[in-house]
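Undergrad:
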Amino acid sequence: MTLSKRRGVNFEYRVAYLFERYGYSWDRSGSSLGIDLKILKNGRLHYLVSCKKTSCSDKIYLPRREVEMLSSAATQAGVKGLVCFGFKRSQVFALTTDQVQKLKGARLSYKISKGDGHPLAKILEDEARAGLGASPS
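For the record, in the sequence shown the residue sitting at position 86 is 361 according to the numbering used here, with numbers rising by one throughout.
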């Protein structure tokens with residue numbers, strides 16, 4: 276496995292374990308089909324997640340086609356589509372597919388910068404407070 280692929284896999288596990296801390300279970304696809312993680316709560320699908328990580332830039336370029344595929348799959352499943360991303364030595368950030376589609380970008384991709392996302396831990400904490408999830412263990 277190449278080093279960059281290993282970094283991506285490690286980031287996927289980091290995201291999955293963060294969901295796990297809030298009482299979710301997860302299934303990793305293990306392929307590059309745009310949906311890296313399926314996040315479940317009490318056996319029901321809650322999120323479809325795409326994970327992106329960079330350690331050499333302060334921007335991530337996300338193909339429009341990949342976002343559209345994630346958004347479509349999430350809509351068909353009746354769940355939220357999330358793009359979770361990270362930069363060198365940063366926490367995990369997240370945006371819904373709707374939020375990503377509002378970002379600036381080129382004809383073929385969206386540009387995600389450090390200031391664009393919301394900390395995933397805060398999103399999950401807010402859901403736990405609202406009664407939608409569990410508090411961290």
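Glycine is no exception: its CB is placed at the ideal position from the N, C-alpha and C atoms. Only a predicted model underlies this, so the values are computations on that prediction, with no experimental measurement involved.
Within the chosen definition, does the segment 322-330 reach the segment 358-371 through at least 3 CB pairs nearer than 8 Å?
TA: Yes, the segment 322-330 is in contact with the segment 358-371.
Undergrad: State buried or exposed for A369, treating a residue as buried only when at least 16 other CB atoms are found within 10 Å of its CB.
TA: Result: buried.
Undergrad: Quick one: grab the DSSP three-state call for T350.
TA: Helix.
Undergrad: Along the chain, which unbroken stretches of the beta strand (DSSP E) at least 3 residues long are found entirely within the segment 289-339?
TA: You should have 300-303, 312-316, 319-328 and 334-338.
Undergrad: Look up F368 in the DSSP assignment and say whether it is helix, strand or coil.
TA: Three-state DSSP puts F368 in a strand.
Undergrad: Could you tell me whether the Cβ atoms of L293 and L395 are closer together than 8 Å?
TA: Yes.
Undergrad: Helix, strand or coil: how does DSSP classify L383 here?
TA: Three-state DSSP puts L383 in coil, outside helix and strand.
Undergrad: Once DSSP output is grouped into helix, strand and coil, what is the label at G283?
TA: DSSP places G283 in helix when its eight states are reduced to three.
Undergrad: When DSSP labels each residue in this structure, what does K363 get in the three-state scheme?
TA: Reduced to three states, the DSSP call for K363 is coil.
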